[in-house]
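To start, the structure under review is shown below, and the notes come after it.
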Amino acid sequence: YFNKVEEDEENLSLGQRAKFMVAESWYNLKDYQKAREAYKKFIEMYPEGDFSANAQYAIAWTYLENKEFNASLEEFKKLISIYPDSKFTEEAQFRVGKNYFLLRNKDMAKTELEKFINLYTKSNFRVEAIYLLSQIFLQEEDWMDNIINLERLVREYPDSPYLSEALYGLSLSYYKKDEYEKSIKVGERYLKNYSNREYG
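Under the UniProt record's numbering, think of the first position of the sequence shown as 1, with each following residue one higher.
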């Protein structure tokens, strides 16, 4: 969170910087309620300021830190709506999809994650979005969509930390679709590289 915010602080006036540091200090102390109040006051005082998007991003995170996924979801949506050109918008779109996933709202999670995957093809969050989408397809036993999704992950992110689970899920999905030769091929690749893992 803070790496993305701190790099812009040099652009603030001293008054703005002081107010933002108060909010950040509460955040660092893990008093997310007081941090949230301070960020909201900052936005009220500088609604058109370049740094207001940073404050809105931080508000969403105060809820996320406490696992208040519904509230965090709404604040990330607000960020996308009010600050569509912000550098935080990309991550906010991902967080919307992930929060729906954490709330077990599968339909909305699929919609928002697929939207993110298609919009932000170069995003660092994209591989996790594909992985989360796969978890939904597995739960729903949607083997065909899972094959398409995991083939993309394996093809585009061969060094991903999700690769082992992707290969296992892909082998399973081929098996469930009676595509046994493909299941064997992927399964052997998994066993060769990850035989000591949980699924081994």
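Where a beta carbon is used, it is the ideal one built from N, C-alpha and C, also for glycine.
For the pair Met21 and Ala55, the Cα-to-Cα distance works out to about 11 Å. In the three-state reduction of the DSSP assignment, Arg104 falls in the coil class, being assigned neither a helical nor a strand state. A residue is called buried when at least 16 other Cβ atoms come within 10 angstroms of its Cβ; Glu156 does not meet this threshold and is exposed.
Close CB contacts of Leu150 within its chain, under the 6 Å cut and outside five residues either way in sequence, are with Ser134, Ala166, Gly169 and Leu170 (chain order).
Within the model, the alpha-carbon separation for Glu37 versus Ala23 is close to 8 Å. For Lys34, the secondary structure class from DSSP, reduced to helix, strand or coil, is helix.
It is roughly 11 Å from the alpha-carbon of Leu153 to the alpha-carbon of Ile117. The beta carbon of Phe69 sits closer than 8 Å to the beta carbons of Tyr63, Asn99, Leu102 and Leu103 from its chain, once the five residues preceding and following it are set aside; these are given in chain order.
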